Amino acid sequence: MSQRITLPKVIFGTSGLGNLYVALEDKIKLEIVTACIQYSSGQKPVVFDCAGKYGAGLALETLGNCLKMLNIKPEDVLISNKLGWYRTTELQSGTEPTFESGVWRNLKYDAVQKISYKGILECYEQGNQLLNGYKAKLVSVHDPDEYVAGAQSQLEKDKRYSDIIEAYRALCELKSRDEVKAIGIGSKDWRMIQRIVNDVNLDWVMIANSMTVHSHPQELVTFMEELQQRGTII
Numbered sequence: 001m002s003q004r005i006t007l008p009k010v011i012f013g014t015s016g017l018g019n020l021y022v023a024l025e026d027k028i029k030l031e032i033v034t035a036c037i038q039y040s041s042g043q044k045p046v047v048f049d050c051a052g053k054y055g056a057g058l059a060l061e062t063l064g065n066c067l068k069m070l071n072i073k074p075e076d077v078l079i080s081n082k083l084g085w086y087r088t089t090e091l092q093s094g095t096e097p098t099f100e101s102g103v104w105r106n107l108k109y110d111a112v113q114k115i116s117y118k119g120i121l122e123c124y125e126q127g128n129q130l131l132n133g134y135k136a137k138l139v140s141v142h143d144p145d146e147y148v149a150g151a152q153s154q155l156e157k158d159k160r161y162s163d164i165i166e167a168y169r170a171l172c173e174l175k176s177r178d179e180v181k182a183i184g185i186g187s188k189d190w191r192m193i194q195r196i197v198n199d200v201n202l203d204w205v206m207i208a209n210s211m212t213v214h215s216h217p218q219e220l221v222t223f224m225e226e227l228q229q230r231g232t233i234i
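With the UniProt record's numbering as the guide, the letters of the sequence shown map in order to residues 1 to 234.
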């Protein structure tokens with residue numbers, strides 16, 4: 001992947017655009033995206049990390065609308081979409097979504113988890129529709145560690161892991177057709193990353209929360225060194 005794209009030191013998160021903990025006004029969201037573009041010092045493309053889970057697609061929708069309002073060319077941004085959640089039915093006013101109750105504010109839609117070969121493609125296609133003229137070129141399965149951890153038995157855990165591998169098979173096909181540039185993974189449990197990289201050829205990994213200045217176990221450091229030797233971007 002390093003020959004095809006270069007990731008900047010700062011990648012902009014977008015969960016706030018999906019009303020995480022607070023429902024910001026649209027004008028504030030536009031100001032946030034404007035500042036991301038403005039303070040990227042002319043660097044192109046500007047990279048945004050998004051997900052269908054963020055506000056049941058609201059973050060994707062808002063990001064696309066803001067970029068369009070700012071007349072940003074699609075080639076001047078690089079969007080990462082963490083896949084696995086699909087927008088579904090419209091919610092009644094004041095109703096909580098069925099996922100992560102108490103986290104998202106004033107959502108208009110609910111979402112369901114779809115991690116499988118077919119499901120991940122549906123999430124990818126819907127995500128691009130919500131982006132309104134922009135397309136995600138970096139793709140991954142969202143929180144595979146949590147998906148497996150939600151299983152009630154070892155048999156179900158094995159089935160869910162198989163679902164994840166099938167989802168990555170679909171993403172690899174997208175990459176082979178040059179519809180996406182790179183495939184990766186984001187996981188809070190780094191051991192899930194370690195397991196998946198043995199079954200899937202990944203271009204990049206996002207180690208969420210388990211590698212910090214305060215906590216950096218030697219096992220994880222060693223694994224990161226192995227990734228570097230493979231040429232996998234962290």
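All C-beta atoms in this analysis are idealised placements derived from N, C-alpha and C, irrespective of residue type, glycine included. These figures come from a predicted structure and were not determined experimentally.
Quick check on residue i: buried or exposed, where buried means 16 or more other Cβ atoms within 10 Å of its Cβ?
i	result
residue 114	buried
residue 155	exposed
residue 28	exposed
residue 222	exposed
residue 35	exposed
Could you give the distance in angstroms between the alpha-carbon of residue i and the alpha-carbon of residue j?
i	j	result
residue 92	residue 104	15 Å
residue 150	residue 143	11 Å
residue 194	residue 224	9 Å
residue 215	residue 183	27 Å
residue 16	residue 60	11 Å
residue 88	residue 112	7 Å
residue 37	residue 63	12 Å
Which residues bound the beta strand (DSSP E) around residue i?
i	result
residue 86	85-90
residue 183	182-187
residue 113	109-113
residue 204	204-207
residue 136	136-142
From this set, the options, which residue's C-alpha is nearest residue i's C-alpha?
i	options	result
residue 85	44, 53, 102	53
residue 109	158, 230, 139, 19	19
residue 14	48, 101, 30, 38	48
residue 21	101, 43, 138	101
residue 81	67, 140, 9, 31	140
Ends of the alpha helix (DSSP H) at residue i?
i	result
residue 48	Where residue 48 is concerned, there is no enclosing alpha helix (DSSP H), although the beta strand (DSSP E) it sits in stretches over 46-51.
residue 163	154-176
residue 151	Careful: residue 151 lies outside any alpha helix (DSSP H) and carries neither H nor E.
Checking the sheet assignment: what are the DSSP bridge partners for residue i?
i	result
residue 81	50, 139
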